Amino acid sequence: MTDLLQNSNRRWLKPIVFGSLLLVATIAGCSLIKVERIDAGNVGIKVNLAGSSRGVDDITYTTGWVFYTPLSTAVYEFPVYTQHKEYEEFEVQSKDGSGFGVAPSLNYFIQSDKVDDIFRQYRRPLPDIEDGFLKTAVYEAYRVATNRYTADSLISNRGSYEAQVKANLVSQLQTMGFTVQQITTKLEPPASLKAAIDAKNTAVQTGLQTENRIRQAEAQARINIAEAEGRAKSIRIAADAQAYANEKQQQSLTPLLVQMRWIEAWEKGGSAVPAYTSGSGGSGSQFLLQLPAGTVGK
């Protein structure tokens, strides 16, 4: 009975041992071979960690699956699409010694054929390069550009200033494999200059408001003058019309009209009948005619 049990245990023990060895071999194999997928828009760099060819290999992987041994090889991914990096504010000096705070934002990408050169030179992943080499390059570009402007001209020429910063960066980075697409700056002037700018803007606004009030007053004065001139012209027109009417009325009092009025009074009789009447001869001379006393009132 005992022999039977021992033989049975031996039969079960062999598969267990074999399975354990297979599992160990599988784990060991997995530790010796690793698979990594290089995503689209990235370039993979294979780095030899051991042997005589230690360093960056000549092989660069584009996309897809990469098989390698992690004990002797490392694979790094570098994005070759546009990167956006914002830096904290730092201070630079203008030509006349004024301190300006700048907080730049940078858009750039790595040239795909320069990835191995960049890694070979810096031996760092991209975030470390951004906070090291790139940050230093950005600072230097701003330092050189800012030192070419006085404080006033820097405020007045923001566009040309940023163009100069970008030109400085391009000259530093293009040949090294970094292509700068855009850089924008949050420019903060010193407190004293900012106060002076605010005071100047306030004075300009006050001057504009004063000029507007003066123009409004001048316009209102012209309106008042025009209205007064209109009223005066209206009065003159009315006076001229009245004078013309009076003149016409006086001209209408002809000798014939006087004679008609005399005849009307004669016909009515009474004391209103004149004792004398005037007439005109053929030569236009005037004469007086005394009426008989007995004819008055008849």
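All letters in the sequence shown, in the order written, are residues 7 to 304 by the working numbering. The beta-carbon is built from N, C-alpha and C at its ideal position, and this holds for glycine as well. Note that the coordinates shown come from a computational prediction; the quantities given were computed from them, not determined experimentally.
Gly107 beta carbon less than 8 Å from that of Gln99
No, the Cβ-Cβ distance between Gln99 and Gly107 is not below 8 Å.
*Contact belief for Tyr74 with Gly47 at Cβ below 8 Å, rounded distance in angstroms*: The Cβ separation is near 21 Å, so there is no contact.
| Quick one: what's Gln89 bridged to in DSSP? | Tyr114
- Query: DSSP on Asn153, reduced to helix/strand/coil?
  - Reply: Of the three classes helix, strand and coil, the one that applies to Asn153 here is coil, per DSSP.
Ordered list of beta strand (DSSP E) runs contained in the region 156 to 197, each at least 3 residues | 184 to 194
Counting only the same chain and skipping the five closest in sequence on each side, list residues whose C-beta sits under 7 Å from that of Phe139.
Tyr128
How would you call Thr41, buried or exposed, if buried means at least 16 neighbouring beta carbons within 10 angstroms? Sequence inspection shows Val at residue 41; the Thr mentioned does not correspond to that position. Exposed, since its Cβ has fewer than 16 Cβ neighbours within 10 Å.
**Message:** Between Ser162, Asn113, Glu95, Gly165, which has its C-alpha nearest Gln89's C-alpha?
**Reply:** The candidate whose alpha carbon is nearest that of Gln89 is Asn113.
Next on the checklist: Which residues does DSSP list as the beta-bridge partners of Ala145?
Outcome noted: As written in the sequence, residue 145 is Tyr, which differs from the Ala given in the question. According to DSSP, Tyr145 bridges with nothing at all.
Pop quiz: Lys52 and Ala109 are said to be a contact at Cβ under 8 Å. What is the actual Cβ separation, rounded to whole angstroms? About 38 Å separates the Cβ atoms of Lys52 and Ala109, ruling out a contact at the 8 Å cut-off.
ask   = What is the DSSP secondary structure of Thr208, counted as helix, strand or coil?
value = Per DSSP, reduced to three states, the secondary structure at Thr208 is helical.
Rounded to whole angstroms, what is the Cα-Cα separation between Glu95 and Tyr148?
12 Å
**Nonlocal neighbours in the same chain, by C-beta distance under 7 Å from Asp123, ignoring five residues either side** = Gly183
What do you get for Gly35, buried or exposed, if any count of 16 or more other CB atoms within 10 angstroms of its CB means buried?
For Gly35, the pLDDT reaches just 49, beneath the cut-off of 50, and the residue's location in the model is therefore unreliable, although a value from the coordinates is still provided. Answer is exposed; the Cβ neighbour count stays below 16.
- Helix, strand or coil: which one does DSSP assign to Glu136? helix
So, with DSSP's three-state summary, where would you put Arg43? strand
- Task: Give the straight-line distance between the Cα atoms of Gln170 and Gln188, rounded to the nearest whole angstrom.
- Result: Each residue's alpha carbon lies about 12 Å from the other.
**Asked** Going by alpha carbons, who is nearest to Pro85 out of Thr79, Ser78, Asp102, Lys120?
**Response** Of Thr79, Ser78, Asp102, Lys120, the residue nearest in Cα terms is Lys120.
field: Beta-carbon gap between Ser118 and Glu92 smaller than 8 Å
entry: no
Report the rounded CA-to-CA distance for Pro195 versus Ile39, giving the unit in angstroms. 57 Å
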